[in-house]
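J.: Here the protein sequences come in this chain order: A and B.
Residue numbering for the first sequence follows the working numbering, starting at 1 and increasing by one per position.
Residue numbering for the second sequence follows the working numbering, starting at 1 and increasing by one per position.
Glycine included, every Cβ here is placed at the ideal spot set by N, Cα and C.
One structure follows; several queries about it will come next.
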Amino acid sequence: MRRSMCVLMLVLSVPMSVQGQIVVNDLVITAGVAGEDYSGNLPSVALAVVDSTQDASAAVGEFSGRLDATYFFDQTRRLSLTVDVGLRQFAATGFKIRDYAPREWAGSVEAAYSQTLSSWGSLVVYGGFKGRAVNDRPPMPLFLQPGYNQYNGGVTLGLGVGVVRFDVGVHGQIDSYASLKLLPQLDLLDRESAGIEVGVEVAQPSRNWRLRLFGAFEGSRYPRQPSFDAEDPFRRDNTIRTGARWTYVGSVIAAIGVEGTLNRSNSARPEYNAVSLRGELTAPLPWDMSITLITAVTGKDYLLETEFARLVPGEEADNASVAYITLARPLAPNLDARLRFGWTRAETDIGDSYYERYGVTFLFDFRPHL
Amino acid sequence: MILPNAHPRLTRTPRRFILAVLVVVGLCGVPNGALHGQASPTVAQLRLEYREALSTLEAAVAALRVRESRFDQADDEVTVAKESGDEDRLDRAFAAAQAAAPPIRVAEARVREKNEAAEDARARLGDGLEAELDRLYAGEDTVPIEVLADLRITIVDMENELDEVRGLLLGFAFQPAILVQLRIDPTDGPNDILNKADLLERRAARHTTSISEIDGRLEGLRKRQRLQRARNTALAGVRLFDDSRVPVGPPGQAGSQTPPGRVVAPADTIEEQIRGLEQLRERWVERRDQILEQAGQFRVLAGGEV
């Protein structure tokens, strides 16, 4: 993570005079503070410590940076780069045993090389890294995702016929969780996967919308997770996903997506069907303000109900609902202020048990290149 | 001695001519005298370099004219599409004009570059000719009297060439086709000139309308850019720390609702669209100003009315 921060600082030091070939689409440095409240004391096998409190709260300081840039080789070839890095420091109170001060480092780098093959086709080769680390991870109900490193890459071929565009791609991904001595079970989630995805997109440029339908098949293996089958000892999953996403970019920006998942495994325990619905809306408001609404709702049904706890909330929990509302207003040409309200309700390890999180965050976004 | 196979004319070559050639060759300090202008190979080489530079420049100018012609066609199509009221057609026409504008910049840059190269070659040729003339002037006092007249002819010829080279003005005005077509004819009267000024001003007004259209589009795109940035920042803020992650699979799994690699087609980003329109606007403003300036000059010539 610190390395990612160094990369960002290095990129920031590149003079903007190189914009003849490198176009900085966006460069934003964000700093802010938040107050958050958590409730629902649930047991979790993914946490090393347990506390008996039902409610906890935290003051949070946040600092992050984001770079979105494109390097143009020529009119048909380009390299897009997106770098996100961030640090969040919590000062948590309300616990019985002690107060916690968790610190989250998170970062991601995504690069995509794209080339127009002719008037009808394009090729995209992409790769990325995402990682996070958490120090002093607190007990429930202040749930923070565990640390992990993730590497992914793939190739996508796009073929356009009029307003219809087909795409087919192959991809691979490696997830490596950062386990602790006291919490070796996180390693069970280490995962290697590969898959294929096909999609078709219909665009109506004059109406400003497009609709993409997709289907994907993915094979995963969990080299550290037993399947409880002596002949096939480690867990292997096959996953089918299918869904649609409608996007509108006009006087407002809106997106609605639905996705269904069928996960089958050589281990009966993680077999499930799930559906998720996502919505995003950004609209202008009076006084130069804008509002962004982000929502996600999921439903999940395990084929085999178990009496014991699931592994890690966030992956193998049941249902979750997430909603964020952000109000933004420019204070200067290169400085925006944001007020964000966040709400999460998620089922953790034990079925029908939920924890909730409310948060209010006040942020400043500084764009030095404007 | 007369060689049996020698050309008969060689046998009749006047002694005076041979002497002149030998003197000029001697002055130039090289074994073979050039036939034209009696110049040294260095000057001959400089002449070749200059001609080559001119030829490259002409090719670059021709390429620029082709690109300007394409832009003119796209420009006309914008006007026709606007008059037709067909928004899709207007969008396509703007896209075509937008695509036609940047190659002109590239071609203009190439013409400038080749023009500079030709200027350099011209300056080097001028210097070479001057140096050559200095040597020939020095030879005037030393050559035999019978070849002095030929040497002076050579000097005069080279002096004329030097005057031409020094006096030649290169450089190309990047004028729109209408300015090339609408020139004042010696037979034009004041009314003819005023009519031409009217025509130019009508064309400029057309460009002004197109510029206003672009300004409207740019304003819309900038608003969309602000929205897009607000959205991207809001999404990135919750995704970075996994706050929006829902429990339907491992983090960042494939099969998400966004195409893998985020980009299926290298479509223009809003930033690129803005940049393209700004370039197109710049081109139209430049043309309009050139045309208006010409129209103003025509009115002055027609009798002082501006």
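Ordered along the chain, which non-local residues of its own chain (more than five positions away) have a Cβ less than 8 Å from that of G261(B)?
T.: Note that G261(B) scores a pLDDT of 42, beneath 50, so its modelled location is shaky; the value from the coordinates is reported in the next line. For G261(B), where only same-chain residues beyond five positions count, there are no Cβ hits under 8 Å.
J.: Within the same chain, show all residues whose beta-carbon is closer than 8 Å to that of Q279(B), passing over the 5 residues directly before and after it, in chain order.
T.: Contacts found: Q98, A101, P102 and R105.
J.: Taking the beta carbon of N25(A) as the centre, do at least 16 other beta carbons fall within 10 Å, making it buried, or is it exposed?
T.: With 16 or more other Cβ atoms within 10 Å, it is buried.
J.: Alpha carbon to alpha carbon, how far is K96(A) from F166(A)? Give it in angstroms, no decimals.
T.: Each residue's alpha carbon lies about 56 Å from the other.
J.: Can you give me the C-alpha to C-alpha distance between R137(A) and G61(A), rounded to a whole angstrom?
T.: Roughly 16 Å between the two C-alpha positions.
J.: Taking the alpha helix (DSSP H) that W284(B) belongs to, which residues open and close that run?
T.: It spans I270 to G303 - the alpha helix (DSSP H) in which W284(B) sits, taken as one unbroken run.
J.: Could you tell me which of V33(A), R98(A) and G131(A) sits nearest to D242(B), measuring between CA atoms?
T.: Taking only the C-alpha atoms, the option nearest D242(B) is G131(A).
J.: Return the Cβ separation of G147(A) and A178(A) in integer angstroms, given the expectation that the two are a contact with Cβ distance under 8 Å.
T.: Going by Cβ atoms, the distance from G147(A) to A178(A) rounds to 4 Å, so yes, they are a contact pair.
J.: Straight-line CA distance for L281(A) to A346(A)?
T.: Whole-angstrom Cα-Cα distance: 22 Å.
J.: Relative to the alpha-carbon of S353(B), which residue among N160(B), N115(B), Q181(B) and R229(B) has its alpha-carbon at the smallest distance?
T.: Residue 353(B) lies beyond the stretch modelled for chain B, which goes from 1 to 306, so this question has no answer here.
J.: If we cut at 8 Å on Cβ distances, does F241(B) have a partner in chain A?
T.: With 8 Å as the cut-off, F241(B) counts as an interface residue toward chain A.
J.: Using 8 Å as the threshold, is the C-beta distance between G154(A) and G172(A) below it?
T.: A contact, by the Cβ cut-off of 8 Å.
J.: List the residues of chain A whose Cβ lies closer than 8 Å to the Cβ of S244(B), in chain order.
T.: Residues of chain A passing the Cβ test: I294, A296, V322 and Y324.
J.: Decide yes or no for the touch test of the stretch 85 to 94 of chain A against the stretch 120 to 130 of chain A: beta carbon pairs closer than 8 Å, at least 3 of them.
T.: Flag = no, the stretch 85 to 94 of chain A and the stretch 120 to 130 of chain A do not touch.
J.: I'd like the span of the beta strand (DSSP E) that includes L144(A), first residue to last.
T.: Taken as a continuous stretch (DSSP letters only), L144(A) belongs to no beta strand (DSSP E), as it is neither H nor E.
J.: Tell me where the alpha helix (DSSP H) around D55(A) begins and ends.
T.: No alpha helix (DSSP H) holds D55(A); the beta strand (DSSP E) holding it covers D55 to F72.
J.: Looking at I196(A) and F217(A), is the spacing between their C-beta atoms short of 8 Å?
T.: Result yes, Cβ atoms of F217(A) and I196(A) sit closer than 8 Å.
J.: At a Cβ threshold of 8 Å, is V238(B) touching chain A?
T.: Closer than 8 Å to some Cβ of chain A, the Cβ of V238(B) qualifies, so yes.
J.: Around the Cβ of G189(B), are there at least 16 other Cβ atoms within 10 angstroms (buried) or fewer (exposed)?
T.: Exposed, since its Cβ has fewer than 16 Cβ neighbours within 10 Å.
J.: Could you tell me the alpha carbon to alpha carbon distance between A296(A) and V258(A), rounded to whole angstroms?
T.: Looking at the two C-alpha atoms, the distance is approximately 10 Å.
J.: So, are the CB atoms of P330(A) and D301(A) less than 8 Å apart?
T.: Cβ distance not < 8 Å, so P330(A) and D301(A) don't count as in contact.
J.: For the candidate residues R203(B), Y50(B) and L235(B), whose alpha-carbon lies nearest to that of E286(B)?
T.: That would be R203(B), whose Cα lies nearest to the Cα of E286(B).
J.: Can you tell me which of Y324(A), Y355(A), R78(A) and N266(A) puts its alpha carbon nearest to the alpha carbon of T361(A)?
T.: Selected option, being the one with the closest Cα: Y324(A).
J.: Buried or exposed: where does A332(A) fall if 16 or more other Cβ atoms within 10 Å of its Cβ makes it buried?
T.: The residue in question, A332(A), is exposed, as its Cβ has fewer than 16 Cβ neighbours within 10 Å.
J.: Just reading off the beta strand (DSSP E) that Q89(A) is part of, what are its end residues?
T.: Residues R77 to T93.
J.: Which residues in the same chain have their Cβ closer than 6 Å to the Cβ of V23(A), if we skip the five residues on either side of it in sequence?
T.: Counting only Cβ-Cβ distances below 6 Å, and skipping sequence neighbours, we find T70.
J.: Can the beta-carbon of A107(B) be found less than 8 Å from the beta-carbon of A53(B)?
T.: In this structure, A53(B) does not lie closer than 8 Å to A107(B) by Cβ.
J.: Short of 8 Å Cβ to Cβ, which residues in the stretch 181 to 209 of chain A face chain B?
T.: Within the stretch 181 to 209 of chain A, the residues whose Cβ lies closer than 8 Å to some Cβ of chain B are L189, R191, S193, G195, E197, G199, E201, P205 and S206, listed in chain order.
J.: Would you check if the distance between the CB atom of E201(A) and the CB atom of L189(A) is smaller than 8 Å?
T.: No, they are not a contact pair.
J.: Which first and last residues belong to the alpha helix (DSSP H) in which N263(A) is found?
T.: First-last for N263(A): I253 to S265, but that is the beta strand (DSSP E), not the alpha helix (DSSP H).
J.: Would Q98(B) pass as an interface residue toward chain A - the criterion being a Cβ-Cβ separation below 8 Å?
T.: So, not an interface residue.
J.: Run down chain B in chain order and give the residues with a C-beta less than 7 Å from the C-beta of R88(A).
T.: Result: F241.
J.: Taking its Cβ as the centre, do 16 or more other Cβ atoms sit within 10 Å of P270(A), making it buried, or is it exposed?
T.: By the 10 Å Cβ count, P270(A) comes out buried.
J.: In whole angstroms, give me the CA-to-CA distance for E110(A) and L218(B).
T.: Between E110(A) and L218(B), the C-alpha separation is close to 29 Å.
J.: Compare the Cα-Cα distances from R226(B) to each of P102(A), R367(A), D51(A) and L303(A) and report the closest residue.
T.: Closest option to R226(B), Cα to Cα, is R367(A).
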